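See structure below.
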Amino acid sequence: MPIKADTWIKHMAKQHGMIEPFVSDQVREVQGRRVISYGTSSYGYDIRCAPEFKVFTNINSVIVDPKDFDSGSFVDIQSDVCIIPPNSFALGRTIEYFRIPRNVLTICLGKSTYARCGIIVNVTPLEPEWEGHVTLEFSNTTPLPAKIYANEGVAQVLFLESDQVCETSYRDRGGKYQGQRGVTLPKA
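FYI, my numbering numbers position 91 of the sequence shown as 1100, with every residue one higher than the one before it.
Here it is as structure tokens:
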């Protein structure tokens, strides 16, 4: 009989340190206050955003270049909420630190609570043997300011396990975002 998805996630988190800190249940309330849910879900894990943000600003009128990104294009914010200007974006990071096994790939999708407000959460796949804090991108597609809540759920990570390990992992390739901590800007 196959193992249940939520049981597999709990096992991998506890036995292999795949997610730290790990929340084994779905949390919807903290100290009597409703929160956007986080923790283990039916087929994945709902990640939280840390209270550390980089909000994009065009004050310097520079060209956005992924090969030569100007870090001065961001304003650093440490707060339990982040206000994103209209039609702009912010970077954040997960509270959770991930260690992806060699036979696992993840896909990350934004939570519907944010999507229904015109806030898109973008995260690229977490490749086999990648580890670090996940850098999150929040796009405010609306003509109004948008609010992101730290320490609450922002996206869901889905885990795809293979019965074989990959030939070349992220670690094998010496990926440039390996072991990242904090909000990490683009690297050429």
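All residues carry an ideal CB built from backbone N, CA and C; glycine is no exception.
For clarity, every value in this text was computed on a predicted model and none was experimentally measured.
For Ser1121, the enclosing alpha helix (DSSP H) covers residues 1121-1124. Cα atoms of Ala1159 and Ser1088: separation of roughly 7 Å, rounded to the nearest angstrom. When rounded, the separation of the alpha-carbon atoms in Ala1124 and Ile1157 is 12 Å. Arg1057 places its beta carbon less than 8 Å from that of Glu1105.
For Asn1149 against Gly1119, the beta-carbon gap comes to about 12 Å, at or over 8 Å, which does not count as contact. Counting the other CB atoms within 10 Å of its CB gives Thr1177 a total below 16, which places it among the exposed residues.
When DSSP states are grouped into helix, strand and coil, Lys1013 belongs to the coil group. Rounded to whole angstroms, the Cβ separation of Ala1059 and Arg1108 is 17 Å, and the two are not in contact under 8 Å.
By the C-beta density criterion, Gly1141 is buried, having at least 16 other C-beta atoms within 10 angstroms. Of the residues Glu1138, Lys1013, Pro1095, the one whose Cα lies closest to the Cα of Met1027 is Glu1138.
Assignment of beta-bridge partners to Tyr1186 by DSSP yields no partner. In this structure, Leu1153 sits away from Ile1116, with a CB-CB distance that is not shorter than 8 Å. Within the same chain, and ignoring the five residues on either side of Gln1035 in sequence, the residues whose Cβ sits closer than 8 Å to its Cβ are Ser1046, Tyr1047, Gly1048, Thr1049, Ser1050, Asp1055.
A distance below 7 Å between beta-carbons, with the five flanking residues on each side excluded, links Thr1151 to the following residues of its chain, in chain order: Pro1095, Gly1127. The way I'd put it, the segment 1072-1083 doesn't touch the segment 1129-1136; fewer than three beta-carbon pairs between them come closer than 8 Å. Inter-residue distance for Gly1188 and Glu1029 is about 13 Å (C-alpha atoms, whole angstroms).
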